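Residue numbers (our numbering), protein chains in the order written: chain A, 1 to 346; chain B, 1001 to 1395.
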Amino acid sequence: MLGFSPSRPPASVSEAPLPPFRVESPPRPLLERRLVIVTGKGGTGKTTVAAALAVAGARAGLRVLVAEMSPDEQIPGLIAPGSPASGYQGRTLRPRLGSMQIDPFEALTEYLGLQIGTPGIVRRVLETRAFRQLLNAAPGWRELITLGKVWHLEQMQAGGGPRYDLIVVDAPATGHSVAFLSAPRVVVSAVRAGPLRRHSKLVEEMLEDPERTLLLPVALAEELPARETAELVARVRADVGIAIDRVVVNAVAPQPFPPGQGNLDRHLSALPPDLDLGALPRPRTLAACASFLRSRHELNRGYVRQIGEATGLPVVELPYAALGFEASGSLEALSEALLAPPREVT
Amino acid sequence: MNGAEFADAALLRARVAVCVGCGGVGKTTVAAALGIEAARRGRRTLVLTIDPARRLADALGVDTLGNRPQAIPAETLSQLGVAGRGTLSAMMLDMKRTFDDLVERLAESDESRERILANPIYQHASAALAGSVEYSAMEKVFEMSERGEHDLIVVDTPPAQHALDFLEAPQRLLEFLDSRIVQMLIHPAFAAGRVGFRLFQSGARRALQLMERVSGMGFLEDVSEFLLAFEGMSAGFRERAEQVRGLLLGPEASFVLVAGPGRESVRQALDFRRRLEGFGVTLAGTLVNRVHLWPDAEPPRLDVAEADLPRLAAALAAACGPALEAEAAARAALEAARGYAALVERDARATGALREARRGQGRFFREIPELPGDVHDLPGLASIADAIFRETGGA
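Now the structure itself:
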């Protein structure tokens, strides 16, 4: 039952392929925008990529802030193992590298406090049961206030220049990310006048400024993440107007055999399957391992190509790390791979 | 618990089997495999999926958004080992349409229905209103279960940010509609002007003033209009929500936890289980999907295998002839085995906590092997069902 079946060539990622999309070539280095919003389906390693990008920025001498949306913070532990959660107040994890968690309730309290000028009263109102019930069910405000906070951070000044050279946002998973990014645009179209509209407009301008902001989708070279990435890119192009200049494909299985041994699995299959090889596994098992690695590699390659074709974007591949990124130093290695110029795969 | 007992608990005694777990672990695949197994065991089964991978949807025949069940032909099913009265249908949920249907059914009058469906806030909000997506999925399960055309409905839960939204959503929607602020928004005094407004001395009043100050009056009027139209429905909605909840938390529902082999996924699965138990739900079983398993009953001894490389090289030279660099091939084979063994070891470490947590509780636990390709056809799904329910000893 555990025999590995050969992989089949993957079919098309998206049903209706996108029209060819011209990318300005070559894309600018990743660290040139002040705001990079990292998105991807759950399980693609989006948070790890956000952490690696922040590390890359700090290593390049930039003042970096990495902001997480999830209340269950992972970034402090990835960048500085053993570090406690950073919370809304933020924490410095390394020289020039801070992290924070944007809690929408906190951000709303801060925003309304700035608007009204009496933070104490605002906090008391927000903590009433009535308001909590409203906020628990009301749509859109979390996305809006979170992006508002990001804008606020982007505008911060220190010593005559921007406080941060690079802000990395670990955005919600793909399914939610178009709703996330389009929140300001929805407000601008639905609300006629007033501070909410004015502020949403500023956030929208920040998102749509290709000099300042980049959306960085993270995919896996597998069917569902590949398809979702293609759909995300199409929907962002249609609805949001935020720049995307590359796709990061994470955990791509490397070429498994050394040069000259391309058919290793087939050679192993030619042996008597149950031949006793001492401490070595039997040929049946050796062939199964080799065949698995080869199939995985070929399948991944097929999906990398499809992601490139379906999105019309160049691709940055990150290698599969069998042991995860907990081992010290591997986040550094990942951050270097992330900065590599993206490749056209079509 | 063995495979047969698990099938009994999860598929035979239940009317609804709910696959829970975080996104990206293959819940849809597992739900479809459970559906095949239920059909094999003679149940008229419906698999209700939220957002399947394209080719999986093709395999199940639900690539179009019909919001109604598509039967898988008997001939196809018999090739999968389904005999007798078992049947299998699949359906892909159209969430927006399900919510619209609900409004149509519960609206007090044609006029109020039209007003809700046409309201700009509803059009923006019905998809985003907290939990409406999750709620409409469970609403559909209830509706299909009421129809009685199927013995069992297998459903995969939507990928929510908050894992148990599908259980909590109805309550949250009701609380929202009942809340002071909403009541004030739809109170005629509000529409009449701000005079009535001053009469309230409450947090809700201050909260509304605050909102008004930030958003402007016009927006709140649209919201008020929407809520007014919705209010008439809330009695019907409440009753319906209670019934849905009753079905899911009652004896006719079974829950299957699906996890992936990563550390983070295992941590989330443990958290899930704890929270489900907070609802009084007992899991019928835990399935860890896509685990790298060693393809041999004998565990590897790769650290001491160097010495035996010449035996492998000799065998390769004999089988493949002089064109093959046999020594290099033997070494590459050992490296490939080590590479795969590292994956096996990593997964075993990550899933250790899940395996440990069910120890002594007699719950069903099984690892589904990772395959090099995607599972995207019915025979592939059937082999996953075999991996779950047949005692193989391979794991």
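Glycine included, every Cβ here is placed at the ideal spot set by N, Cα and C. Quantities reported herein were computed from a predicted structural model and do not represent experimental measurements.
- Residue-level contact by beta carbon fails for Ser182 (chain A) and chain B, as no gap is shorter than 8 Å.
- Within the model, the alpha-carbon separation for Glu208 (chain A) versus Gly241 (chain A) is close to 5 Å.
- When the Cα atoms are used, Leu1334 (chain B) and Leu1293 (chain B) turn out to be separated by approximately 17 Å.
- For Phe257 (chain A), the neighbours in chain B by C-beta distance under 8 Å run, in chain order, Ala1332, Ala1336.
- Cβ atoms of Arg197 (chain A) and Met206 (chain A) stay farther apart than 8 Å, at about 15 Å.
- Collapsing the DSSP output to three states places Ile1153 (chain B) in a strand.
- For the C-beta of Gln306 (chain A), not a single chain B residue is nearer than 9 Å; the gap to the nearest is close to 12 Å.
- Secondary structure of Gly61 (chain A) (DSSP, three-state): coil.
- Scanning A:Ala58, A:Ile102, A:Leu62, A:Ala60 for the CA closest to the CA of Asp72 (chain A) turns up A:Ile102.
- For Cys1320 (chain B), the nearest CB of chain A lies under 8 Å from its own CB, placing it at the interface with that chain.
- With respect to the 8 Å criterion, Leu1312 (chain B) and Ala1330 (chain B) are classified as neighbours on the basis of their beta carbons.
- Put simply, the region 281 to 292 of chain A touches the region 248 to 267 of chain A. At least three CB pairs are less than 8 Å apart.
- For Glu1367 (chain B), the pairing in a beta bridge is given by DSSP as B:Val1288.
- A straight line joining the alpha-carbon of Met156 (chain A) with that of Ser200 (chain A) spans about 17 Å.
- Not a single CB atom of chain A sits nearer than 8 Å to the CB of Ala1009 (chain B).
- For Gln255 (chain A), the three-state secondary structure derived from DSSP is coil.
- One alpha carbon belongs to Glu231 (chain A), the other to Arg1267 (chain B), and they sit about 29 Å apart.
- By the C-beta criterion, the region 242 to 251 of chain A is judged not to be in contact with the region 1277 to 1291 of chain B, since fewer than 3 inter-stretch pairs fall below 8 Å.
- Check the Cα spacing between Asp1156 (chain B) and each of B:Ala1297, B:Leu1316, B:Cys1022, B:Ala1014: the tightest is with B:Cys1022.
- Taking 8 Å as the CB threshold, Tyr1122 (chain B) stays off the interface with chain A.
- Along the region 1042 to 1126 of chain B, the beta strand (DSSP E) occurs as fully enclosed runs of 3 or more residues at 1044 to 1049, 1087 to 1092, listed in sequence order.
- At a cut-off of 8 Å between beta-carbon atoms, Ser295 (chain A) makes contact with chain B.
- The Cβ-Cβ distance between Ala56 (chain A) and Ser335 (chain A) falls below 8 Å.
- According to the DSSP secondary-structure assignment, Phe1255 (chain B) is paired through a beta bridge with B:Val1018, B:Leu1283.
- If the five residues before and after Arg142 (chain A) are omitted, its C-beta is found closer than 8 Å to the C-beta atoms of Pro104, all from its own chain and listed in chain order.
- Classified as buried, Pro172 (chain A) has 16 or more neighbouring CB atoms from the shown chains inside 10 Å of its CB.
- Residue burial annotation: Ser1136 (chain B) is buried, with at least 16 other C-beta atoms found within 10 angstroms of its C-beta.
- Within the same chain, Cβ atoms closer than 7 Å to the Cβ of Pro1369 (chain B) are found at Val1291, Leu1293, Ala1387, the five residues on either side in sequence being excluded.
- Under the three-state reduction of DSSP, Thr128 (chain A) is assigned to coil, being neither helix nor strand.
- Leu1276 (chain B) is positioned such that its CB atom lies closer than 8 Å to that of Phe1255 (chain B).
- Taking CB atoms only, Ala1014 (chain B) has no neighbour in chain A less than 8 Å away.
- DSSP links Ala85 (chain A) through a beta bridge to no other residue.
- Rounded to whole angstroms, the gap between the alpha carbons of Leu62 (chain A) and Val345 (chain A) is 30 Å.
- Closer than 8 Å to the CB of Cys1019 (chain B) there is not a single CB belonging to chain A.
- Secondary structure at Pro225 (chain A): helix, using DSSP grouped into helix, strand and coil.
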